[in-house]
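Line by line, the protein sequences give chains A and B.
Residue numbering for the first sequence follows the numbering used here, beginning at 1 and increasing consecutively.
Residue numbering for the second sequence follows the numbering used here, beginning at 1001 and increasing consecutively.
Yeah, the Cβ is synthetic: ideal placement off N, Cα and C, and Gly gets one too.
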Amino acid sequence: FPAQLKPHSWNSIDLESVKTYLDKFFPLLRKTDSQSLEERIKKMQRFFHLTVTGTLNAETKEIMNQPRCGVPDIAD
Amino acid sequence: YKTFPGNPRWRNKYLTYRIDNYTPDLPQAKVDEAISKAFMVWSDVTPLQFKRVFRGDADIVVAFARREHRDGYPFDGRGNTLAHAFAPGKGLGGDAHFDEDETWSEYNHGVNLFLVAAHEFGHSLGLAHSNVPGALMYPTYSYVNPKTFRLSEDDKRGIQKLYGRKSA
């Protein structure tokens, strides 16, 4: 415990799109960084003042679909 | 507000910009006006002054491009990423690129060039994204009437942290 969320419970398209979004806008700053997808989603949800769940919920998807600037949100 | 790591900023208060090319979506004069007004958002609250140059070197180069455009950060077609810019520095530093696959507009049909340019020039001057909703440096695009646009206090604090206030 806590039981790890099983990403495979999302469809593969969602999974791919969330990874692409996080890699682009919330990049892992060092290759050696290892963060679970859930942690990375939580970081994004905190930045956008969303409910922090670590899951790809509707409001998180809505933010991901909004037109935006291409500069990452983590200033590296 | 946030600045980039190491707080890169321009040492010179007199900055030059060059408009490299134009979008067919708007008359050139409208592009010139939107870009000039976008710079004024920042010069109105700091000692910075911007001068347009028509050839040769410029601190900030403004360009419209689509997909891969030789900076390693390809655009992605219509929607999603609208534009990007580089933090102050040599070469690409300060440059702002706008995705030509968007429909650029003077008002609310399509993407408002003034609003996106003002945001990107914030990056050109050293501001990173802010997570304050409603701030100009918030990462996602939302339309506001350019005629009633006001820079948020968060953005003002950020840019004045880098360049100081405009002298009275």
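Helix, strand or coil at Ser1130 (chain B) according to DSSP, with G and I counted as helix: Here residue 1130 (chain B) corresponds to residue number 130 of the second sequence, with the count starting at 1. Here Ser1130 (chain B) sits in coil by DSSP.
Touching by the beta-carbon criterion (3+ pairs, under 8 Å), the stretch 1076-1087 of chain B and the stretch 1034-1041 of chain B: Too few Cβ pairs lie closer than 8 Å, so no.
Through-space distance from Ile41 (chain A) to Phe48 (chain A), alpha-carbon basis: The residue labelled residue 48 (chain A) in the question sits at position 48 within the first sequence. The residue labelled residue 41 (chain A) in the question sits at position 41 within the first sequence. Between Phe48 (chain A) and Ile41 (chain A), the C-alpha separation is close to 11 Å.
At least three beta-carbon pairs within less than 8 Å, the stretch 1083-1103 of chain B to the stretch 1046-1062 of chain B: yes
Counted within 10 angstroms of its Cβ, other Cβ atoms place Tyr1001 (chain B) as buried (16 or more) or exposed: On the second sequence, residue 1001 (chain B) is found 1 positions in, with the first residue counted as 1. Under this definition Tyr1001 (chain B) is a buried residue.
Residues that Asn1131 (chain B) contacts on chain A, provided the C-beta gap is smaller than 8 Å: On the second sequence, position 131 is the one that residue 1131 (chain B) refers to. Result: Phe47, Phe48, His49, Asp73.
Collapsed DSSP secondary structure at Trp1104 (chain B) in the structure displayed: The count along the second sequence starts at 1 and reaches residue 1104 (chain B) at position 104. Of the three classes helix, strand and coil, the one that applies to Trp1104 (chain B) here is strand, per DSSP.
Validate contact between the stretch 56-67 of chain A and the stretch 1021-1028 of chain B using beta carbons, cut 8 Å, 3 pairs: In short, these stretches do not touch, since the Cβ pair count stays below three.
Cβ contact (3+ pairs, closer than 8 Å) linking the stretch 1004-1019 of chain B and the stretch 51-59 of chain A: By the C-beta criterion, the stretch 1004-1019 of chain B is judged not to be in contact with the stretch 51-59 of chain A, since fewer than 3 inter-stretch pairs fall below 8 Å.
Contact list for Leu1082 (chain B) against chain A, beta-carbon separation under 8 Å: Position 82 of the second sequence, counted from the start, is the residue given in the question as residue 1082 (chain B). Those are Pro67, Arg68, Cys69, Gly70, listed as they occur along chain A.
Ala1087 (chain B) vs Pro1008 (chain B) beta-carbon contact at 8 Å: Residue mapping note: residue 1087 (chain B) aligns to position 87 of the second sequence, counting from 1. Residue mapping note: residue 1008 (chain B) aligns to position 8 of the second sequence, counting from 1. A contact, by the Cβ cut-off of 8 Å.
Per DSSP, the bridge partner or partners of Val1062 (chain B): For the purposes of this step, residue 1062 (chain B) is taken as residue 62 along the second sequence, with counting starting at 1. Val1062 (chain B) pairs with B:Ile1019, B:Ala1096.
Where Tyr1141 (chain B) meets chain A, residues with beta-carbon distance less than 8 Å: Reading the second sequence from its first residue, position 141 is the one you call residue 1141 (chain B). Neighbours of Tyr1141 (chain B) on chain A, chain order: Gln66, Pro67, Arg68, Cys69.
Cutoff 7 Å; reference Asp73 (chain A); Cβ partners in own chain excluding five residues on either side: Looking up residue 73 (chain A) in the first sequence gives position 73. Once the five neighbours on either side are set aside, the close Cβ partners of Asp73 (chain A) are Phe25, Phe26, Phe47.
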